[in-house]
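> Protein chains in written order, with the working numbering: chain A, 1 to 473; chain B, 1001 to 1215.
Beta carbons: idealized from backbone N, C-alpha and C, even for Gly.
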Amino acid sequence: MSGKTLYDKLWEMHEVSRRDDGSSLLYIDRHILHEVTSPQAFEGLRLAGRTPWRVAANIATPDHNVPTTRIERAGGLAAISDEVARLQVQTLDENCADFGIPEFRMNDARQGIVHVVGPEQGATLPGMTIVCGDSHTSTHGAFGALAHGIGTSEVEHVLATQCLVAQKMKNMRVRVDGELPPGVTAKDIVLAIIGKIGTAGGNGHALEFAGSAIGALSMEGRMTVCNMAIEAGARVGMVAVDEKTIDYVRGRPFAPQGEAFEQAAALWRTLVSDEDARFDTDIELRAEDIRPQVSWGTSPEMVLPVDAQVPDPAQEPDPVKRDAIARALKYMGLCARQPITEIRLDRVFIGSCTNARIEDLRAAAVVAKGRKVAATVKQALVVPGSGLVKAQAEQEGLDKIFVDAGFEWREPGCSMCLAMNPDRLESGEHCASTSNRNFEGRQGNGGRTHLVSPAMAAAAAIAGHFIDVRELA
Amino acid sequence: MNPFTTHTGLAVPLDRANVDTDQIIPKQFLKSIKRSGFGPNLFDEWRYQDVGQPGQDCSARPLNPEFVLNQPRYAGASVLLARANFGCGSSREHAPWALAEYGFRAIIAPSFADIFYNNSFKNGLLPIVLAADEIDALFAQCEANEGYALAVDLHAQTVTLPDGVQHHFEVDAFRKHCLLHGLDDIGLTLQEADAIRAFEATHHAAQPWVFGGVG
Ligand code: SF4
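#1: Closer than 7 Å: is that where the CB of Asn436/A sits relative to any heavy atom of the ligand SF4?
#2: Return the bridge partner residues of Ser24/A from the DSSP annotation.
#3: Between Asp1153/B and the ligand SF4, is the CB less than 7 Å from at least one heavy atom?
#4: Of the choices Glu1045/B, Glu1200/B, Asn1085/B and Ile1025/B, whose alpha-carbon is the least far from that of Ile1128/B?
#5: I'd like to know if Gly1052/B contacts chain A, where contact means its C-beta is closer than 8 Å to some C-beta of that chain.
#6: Please classify Val239/A: is it buried, with 16 or more other beta-carbons within 10 angstroms of its beta-carbon, or exposed?
#7: Can a CB atom of chain A be found closer than 8 Å to the CB of Phe1169/B?
#8: State the Cα-Cα distance for the pair Ala147/A and Asp1163/B, rounded to the nearest angstrom.
#9: Between the C-alpha atoms of Ala455/A and Val367/A, what's the straight-line distance to the nearest angstrom?
#10: Sorted by chain position, which residues of the same chain lie with C-beta nearer than 7 Å to Leu1042/B's C-beta, five sequence neighbours on each side aside?
#11: Give the residues of chain B in contact with Ala368/A, contact being defined as C-beta atoms less than 7 Å apart.
#12: Could you tell me which chain A residues have their CB closer than 9 Å to the CB of Ile1196/B, listed as they occur along the chain?
#13: Strictly under 8 Å for the Cβ-Cβ distance: is Thr1189/B near chain A by that measure?
#14: Taking CB distances under 8 Å as the criterion, tell me whether Ile1115/B reaches chain A.
#15: Mind checking which residues open and close the beta strand (DSSP E) that includes Cys414/A?
#16: State the beta-bridge partners of Asn507/A as determined by DSSP.
#17: Is DSSP giving Met219/A helix, strand or coil here?
#18: Name the two residues that bound the continuous alpha helix (DSSP H) containing Val475/A.
#19: Chain B partners of Gly44/A, CB-CB under 7 Å?
#20: Are Pro1013/B and Glu1143/B closer than 8 Å when you measure CB to CB?
#21: One question on the structure: do Ala458/A and Ile350/A come within less than 8 Å of each other, judged by their Cβ atoms?
#22: With distance defined between alpha-carbon atoms, name the residue in Ala57/A, Pro119/A, Ala308/A and Gln162/A nearest to Phe143/A.
#23: Going by C-alpha to C-alpha distance, which of Leu451/A, Pro384/A and Asn438/A sits closest to Thr69/A?
#24: For Cys132/A, which residues does DSSP report across the bridge?
#25: What distance in whole Å lies between the Cβ atoms of Phe209/A and Val184/A, which are believed to be in contact at a cut-off of 8 Å?
#26: Enumerate, from N- to C-terminal direction, the unbroken alpha helix (DSSP H) stretches of 4 or more residues contained entirely within the region 1073-1123 of chain B.
#27: Closest Cβ-Cβ distance between Phe254/A and chain B: below 8 Å?
#28: To which residues of the same chain is Asp312/A closer than 7 Å at the C-beta, ignoring the five residues directly before and after it?
#29: Looking only at its chain, what residues have a beta carbon closer than 6 Å to the beta carbon of His1203/B, apart from the 5 residues adjacent to it on each side?
#30: Please check if any C-beta of chain A sits within less than 8 Å of the C-beta of His1177/B.
#31: Would the C-beta of His479/A count as close to the ligand SF4, meaning under 7 Å from any of its heavy atoms?
#32: Within the chosen definition, does the region 129-139 of chain A reach the region 29-47 of chain A through at least 3 CB pairs nearer than 8 Å?
#33: Assuming the contact rule is C-beta atoms closer than 8 Å, Cys163/A and Leu345/A should be a hit. Round their C-beta distance to whole Å, please.
#34: According to DSSP, is Ile1024/B part of a helix, a strand, or is it coil?
#35: Are Val1079/B and Ala1106/B touching if we call contact CB-CB under 8 Å?
#36: In chain A, which residues lie with their C-beta within 8 Å of the C-beta of Lys1031/B?
This is the structure we're talking about:
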């Protein structure tokens, strides 16, 4: 008999019952809520006269449509100019207050993007099942947790029952071995993986990232990789627990303390796939082969190394793919075989749950230090992932570096990642973005998003076009 | 969710085929953060002479006297007689929410759109499919007789007319069970509440730190 994968172990640890139709009831340890996908769930709960099954399992913070300018934020709720946004943030406050759910409100220092806040607070712990009404909940898998996004009716279901009706997925492993070249980051790894296996590559699978290059990443880097598992088609992304995981968690507010922590850590250390575990699908990449990545199209799999040229549809034999390439080039306003380094940027966005942690901001600041944003770039935003990331960055003087270079230093939130708040692209504008989705219109109607790492985004802001960050040295 | 066993109520004939969910509840009302409050905006464009806006007090709006729901003889109706393909269009669950909140408990039509049909069961609203000629007769009788009430028995799967004539209807056994007992997805899971509690106790003993609150 072969051994168990990390996913198998996490699943078994949480399976309450199995139903005749093959689905299972899975116990949920942690439920994270934000303002956009929760209001109807709370309403449903009320209409049915139900209460949350275990209040302490929940934690909430508004992020998707909070404004990020200091002026709007200083005015509190009343100053949110978008009516729908204001109502949603206010409703989250009211719902959390009514049901006693702990919430980091808009101007609490601990507020931020749900996927930054959970780990930062130790609300995300190894071995947990974690859900949130947001597809990038896969981020939390970086801690050896089973984490994925759910819909609003499931949010209500989890609130009421502490369980989710789920179907077990297949096991997939992506191994990245070897040493990353300098200037190449976690974001480049995950973009390269998506470029290789495609946006449907992980469909139906729980995806474990393994290998020495993943092990060498910091926890922030692992979160960046797991964050984009969903862009590879996998709802779940995971990394096995090691000492880095345990060290990151130690001392965080929601984490166990003292003796209890050591006891927990002993169990967490078993959260690795067994040597002889069998995966349904295995993929391998060499770290040495990965170069800084830039997405050129309207799907995250349309990604290439910065020194490449965008594809030529005429060279593509498959008619469906040829069409997709031609359509993407048209939307993106690019010509076949145009070098990526010739793409000029109108805006730059450094932020989002993929890349707005302290390490990301440090990497961007190293590039920005002592330089200036190109005059042709209309706006370069740096939006920290949480109030605590912002405070840490300011303590390190990163905000000054950014502001001196011509970047705007904002308040924490999702911001231009999905353009629900006023931060957005104008039609036709090109944006170097550290976020995770480059779909048509994602950052504003007609906007053209290029996904890159924080260092590459900063370098693009300085140069005004894409450039291999290593050439800026 | 409200269980549905038997229901006797005044019928109202909505004589249009392909009524889509945008007609049932127009899109401007989807911005709401609630799943209640849609009743007054049910069939908004037909019911009122002005254009409805979310959050508006509907009691002061000019009613369209032509629209069947506004005719005094149909006030308080709870059984909707409808035509083919009722509930087509977008998947919005707001449509059954609006119908249920208005006071409808059953809809009788020759056919329903799939998603709407599903969504109705989840919201305590019983969609009943009868043959087209049976429906034609129902429409005729309902329009001819004021106070025309129908008796629906989900357990027996029958619709009984005022003259005692009974029509049988089909319903999936699982959906019937859920509706009879008022079980939505959550209700179903809560039937396993003991198993969840037992699991929780074991899980708590093994990993107490999972259950800690804010540190
Ligand atoms: S930062 Fe973007 S991807 Fe992440 S949670 Fe917010 S909107 Fe979603």
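Walking through what the data contain:
#1: Asn436/A: yes, Cβ under 7 Å from the ligand SF4.
#2: Per DSSP, the beta-bridge partners of Ser24/A are Arg18/A and Ala166/A.
#3: No, since every heavy atom of the ligand SF4 falls outside the 7 Å radius drawn around the Cβ of Asp1153/B.
#4: The shortest C-alpha separation from Ile1128/B is found at Asn1085/B.
#5: Not closer than 8 Å to any Cβ of chain A, the Cβ of Gly1052/B fails to qualify, so no.
#6: For Val239/A, the number of other beta carbons within 10 angstroms of its own is at least 16, and it is reported as buried.
#7: No, Phe1169/B lies away from the interface with chain A (no Cβ there is under 8 Å from its Cβ).
#8: Going by the C-alpha atoms only, they are around 59 Å apart.
#9: Cα to Cα, Ala455/A sits roughly 6 Å from Val367/A.
#10: Taken in chain order, the residues that qualify are Ile1024, Ile1025, Ala1098, Leu1099 and Tyr1102.
#11: Here the premise fails: no neighbours, minimum Cβ distance about 35 Å.
#12: Val16, Ser17, Leu25, Tyr27, Trp53, Thr161, Gln162 and Cys163, listed in chain order.
#13: Nearest CB-CB separation between Thr1189/B and chain A: below the 8 Å threshold.
#14: Chain A contact via Cβ: absent.
#15: Looking at the DSSP string, Cys414/A is not in any beta strand (DSSP E), and its letter there is neither H nor E.
#16: Examination of residue 507/A is not possible in this model, given that chain A is present from 1 through 473 alone.
#17: Note: Met219/A maps to helix in three-state DSSP.
#18: Because chain A here runs from 1 to 473, residue 475/A falls outside it and cannot be looked at.
#19: Arg1035, listed in chain order.
#20: By the CB criterion at 8 Å, Pro1013/B and Glu1143/B fall inside the cutoff.
#21: Yes.
#22: Nearest C-alpha to Phe143/A: Pro119/A.
#23: Among Leu451/A, Pro384/A and Asn438/A, the Cα nearest to that of Thr69/A is on Pro384/A.
#24: DSSP lists Ile32/A and Gly149/A as partners of Cys132/A.
#25: Separation of the CB atoms of Val184/A and Phe209/A is rounded to 16 Å, and the pair is thereby denied contact status at 8 Å.
#26: 1094-1102 and 1114-1122, all fully within the region 1073-1123 of chain B.
#27: Put simply, the CB of Phe254/A is near chain B, with a gap under 8 Å to one of its CB atoms.
#28: Cβ within range, chain order: Ala336 and Arg337.
#29: Apart from the 5 residues on each side of it in sequence, His1203/B has no Cβ closer than 6 Å to any other Cβ in its chain.
#30: Chain A contact via Cβ: absent.
#31: The requested residue 479/A is not part of the displayed model; chain A covers only 1 to 473.
#32: Short answer: they touch.
#33: Contact doesn't hold; Cβ gap of about 46 Å is too wide.
#34: Here Ile1024/B sits in helix by DSSP.
#35: It is a contact, given that the beta carbons lie within the stated cut-off.
#36: The contact set of Lys1031/B on chain A, defined by CB atoms closer than 8 Å, consists of Val84 in chain order.
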